[in-house]
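Visitor: This is the structure I have questions about; it appears just below.
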Amino acid sequence: LTKKTKETYLSLRKEAVLNVPKYVPGKTTSQIAEEYGFNPETVIKLNSNENPLGASGASIRAIQKAAQNASLYPTADATDLRKALMKHTGFSFENIVASGPGMDSLIDAVNQLFVGAGDEVLIPVPTFTYYGISAIGFGGVPVYVNLNEADYSLDVDKILSAVTEKTKIIWLCSPNNPTGNVIDAETIRFLAEETGAILFIDEAYVDFSTKGSLSALVNEYENIIIGRTFSKAFGLAGARLGYLIAPEWIVSDLLRILPPFAVSVLAEAAAIAVLEDTDYLEAGVSMVQSQRPLLIENISKKTPYRAYPSESNFFIVDVSPQTAREAVDYFLKNGILIRSCDSFENIGKNTVRITIGTPEMNQKVLKTFETFGSIS
Ligand SMILES: *Cc1c(COP(=O)(O)O)cnc(C)c1O
-19 LTKKTKETYL SLRKEAVLNV PKYVPGKTTS QIAEEYGFNP ETVIKLNSNE
31 NPLGASGASI RAIQKAAQNA SLYPTADATD LRKALMKHTG FSFENIVASG
81 PGMDSLIDAV NQLFVGAGDE VLIPVPTFTY YGISAIGFGG VPVYVNLNEA
131 DYSLDVDKIL SAVTEKTKII WLCSPNNPTG NVIDAETIRF LAEETGAILF
181 IDEAYVDFST KGSLSALVNE YENIIIGRTF SKAFGLAGAR LGYLIAPEWI
231 VSDLLRILPP FAVSVLAEAA AIAVLEDTDY LEAGVSMVQS QRPLLIENIS
281 KKTPYRAYPS ESNFFIVDVS PQTAREAVDY FLKNGILIRS CDSFENIGKN
331 TVRITIGTPE MNQKVLKTFE TFGSIS
């Protein structure tokens, strides 16, 4: 008998998996506190679009109570959560599927359902990077199509001319991360009818938008999927839970390929509780909606930098002639975590993304931009 070397087994790996690029996450408060010697309590975290109000009291109490059931499996398809989501979304049970970890798990499942070796997925950029990373793991080929340079709106003609017979999914995000703008229903209808592809519309930030959801289109089209998450407006990023609103045929296929018990007992309890705590959602959303125009206008008026309009709980700032890296470092020295956009396709090296925080946090953001502008 001879033990074989590692090299013998390396060749067993699927080639597609070796091509998967790394996702670049925003750093956590404790990572930064350790690196810079800060007190973690004083670090202002505005780099991952989390809810600055913290988790709702209702979901914290629900997790504590559910801990007693932590030894038991939940229902395999998160039945109670899907029922709560029926009430929240107005869609029927058969149109809803929930899963963890996060909406990211459902992005994977949708790619797994539609994308195989050599299939193409169209991705207007800049946008959330995980759509492409996930598709590559299933052998897919991301085809990046630039958004219009002036305002990051969709270039519909460019998308249409990039569609081929191999196009399976068009990944859309509204409000878009990181640019903050939304897509209108007419554009979605046009793409749904003119292409033979599945349209995935990521509505991770829809609660912060004044323009409403595109979800009603799921009732009209068999090729539209809406993605949602509990990580942002609902304040449960750590619970890792997302859901989709989709045509029945897609939900039923996804339920076959998702792992059973994909929503933990704790995450399900937290989510059901926060769905009932409408005051929490309302407080967070109205804080963002009232702070957003002030902060964006003040940065553009009082600093040398251009802040872009946004329908989300974050916005981008072009810090030219400084680089995003320089801005991120300067903010870090001042105890504020913001996100460089240089890991996103097609946005260059001079743009940062900032989560909208509490009024006190936003004051500090404005002051820090002012001093960054005056010393640079
Ligand atoms: C945060 C985010 C998600 C999902 O996050 P999960 O925490 O995995 O639910 C999806 N899309 C966009 C655009 C996001 O910013």
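Per the numbering used here, the very first residue in the sequence shown carries number -19; after that it's consecutive.
Note that CB positions come from ideal geometry on N, CA and C, so glycine has one too.
Remember, it's a predicted structure, so these values are computed and weren't measured experimentally.
#1: Just to confirm the assignment, what range does the beta strand (DSSP E) spanning Asp298 have?
#2: Assuming Leu33 contacts Ala247 (C-beta within less than 8 Å), just tell me the rounded distance between them.
#3: Helix, strand or coil: which one does DSSP assign to Lys191?
#4: Roughly how many angstroms lie between the CA atoms of Leu235 and Ile225, to the nearest whole one?
#5: What distance in whole Å lies between the Cβ atoms of Leu346 and Val23, which are believed to be in contact at a cut-off of 8 Å?
#6: So for Thr348, helix, strand or coil by DSSP?
#7: Mapping the DSSP letters down to three states, classify Thr159 as helix, strand or coil.
#8: Could you check if Ser10 belongs to the surroundings of ligand 1, using beta carbon to heavy atom distance under 7 Å?
#9: Between Thr109 and ligand 1, is there a pair consisting of the residue's CB and a ligand heavy atom that are separated by less than 7 Å?
#10: On the DSSP bridge assignment, give the partners of Phe180 in chain order.
#11: Where does Val308 sit, in a helix, a strand or coil, going by DSSP?
#12: So the candidates are Asn31, Leu255 and Phe295; which of them puts its Cα closest to the Cα of Leu65?
#13: What is the DSSP secondary structure of Arg62, counted as helix, strand or coil?
#14: Which same chain residues, not among the five before or five after Phe349, have their C-beta less than 6 Å away from its C-beta?
#15: Would you mind stating whether Tyr185 and Pro155 have Cβ atoms separated by less than 8 Å?
#16: How long is the line joining the alpha carbons of Pro81 and Ala242, rounded to whole angstroms?
#17: Report the option in Lys(-14), Asn19 and Glu30 whose CA atom is closest to the CA atom of Ala213.
#18: Terminal residues of the continuous alpha helix (DSSP H) containing Pro32?
#19: Pull up the distance between the alpha-carbon of Val265 and that of Glu(-5), whole angstroms please.
#20: Can you give, in chain order, each stretch of the alpha helix (DSSP H) that sits fully within the region 95 to 123 and has at least 4 residues?
#21: If I follow the unbroken beta strand (DSSP E) through Ile276, where does it start and stop?
Guide: According to the data block:
#1: Here residue 298 is taken as the residue at index 318 of the sequence shown, counted from 1. Counting along the chain, the beta strand (DSSP E) containing Asp298 begins and ends at Phe294 to Asp298.
#2: Within the sequence shown, the letter at position 53 stands for residue 33. Within the sequence shown, the letter at position 267 stands for residue 247. Rounded, the Cβ-Cβ distance is 19 Å, inconsistent with contact.
#3: For the purposes of this step, residue 191 is identified with residue 211 of the sequence shown, where counting begins at 1. Looking at Lys191 - three-state DSSP - the assignment turns out to be coil, as it is neither helix nor strand.
#4: Position 255 of the sequence shown, counted from the first residue, corresponds to residue 235. Position 245 of the sequence shown, counted from the first residue, corresponds to residue 225. Taking the CA atoms as reference points, Leu235 sits about 13 Å from Ile225.
#5: Working through the sequence shown from its first residue, we reach residue 23 at position 43. Working through the sequence shown from its first residue, we reach residue 346 at position 366. That belief does not hold up - the Cβ atoms of Val23 and Leu346 are roughly 18 Å apart, past 8 Å.
#6: Taking the sequence shown and counting its residues from 1, the one referred to as residue 348 is at position 368. Three-state DSSP puts Thr348 in a helix.
#7: Mapped onto the sequence shown, residue 159 falls at position 179. DSSP, read as helix, strand or coil, puts Thr159 in coil.
#8: In the sequence shown, the residue the question calls residue 10 occupies position 30. Checking the Cβ of Ser10 against ligand 1 gives no.
#9: Counted from its first residue, the sequence shown places residue 109 at position 129. Checking the Cβ of Thr109 against ligand 1 gives no.
#10: Numbered from 1 along the sequence shown, position 200 holds the residue referred to as residue 180. Looking at the DSSP assignment, Phe180 forms a beta bridge with Trp151 and Ile205.
#11: Numbered from 1 along the sequence shown, position 328 holds the residue referred to as residue 308. Helix.
#12: Translated into positions along the sequence shown, residue 65 becomes position 85. Of Asn31, Leu255 and Phe295, the residue nearest in Cα terms is Leu255.
#13: Walking along the sequence shown from the start, residue 62 turns up at place 82. Of the three classes helix, strand and coil, the one that applies to Arg62 here is helix, per DSSP.
#14: Along the sequence shown, one-based indexing puts residue 349 at 369. So the qualifying residues of the chain are Ile279 and Thr283.
#15: What you label residue 185 is simply residue 205 of the sequence shown in a count that begins at 1. What you label residue 155 is simply residue 175 of the sequence shown in a count that begins at 1. For Tyr185 and Pro155, yes; Cβs fall inside 8 Å.
#16: Taking the first residue of the sequence shown as position 1, residue 81 is located at position 101. Taking the first residue of the sequence shown as position 1, residue 242 is located at position 262. If you take the alpha carbons of Pro81 and Ala242, they lie about 8 Å apart.
#17: Within the sequence shown, the letter at position 233 stands for residue 213. Looking at the Cα atoms, Glu30 is the closest of the given residues.
#18: Stepping through the sequence shown from its first residue, residue 32 is reached at position 52. Segment: none, Pro32 is in no alpha helix (DSSP H) and carries neither H nor E.
#19: Residue 265 sits at position 285 when you count from the first residue of the sequence shown. Residue -5 sits at position 15 when you count from the first residue of the sequence shown. Cα-Cα distance, rounded: 44 Å.
#20: 110 to 117
#21: The sequence position of residue 276 within the sequence shown is 296, counting from 1. Counting along the chain, Ile276 falls outside any beta strand (DSSP E), though it belongs to the alpha helix (DSSP H) covering Thr258 to Lys282.
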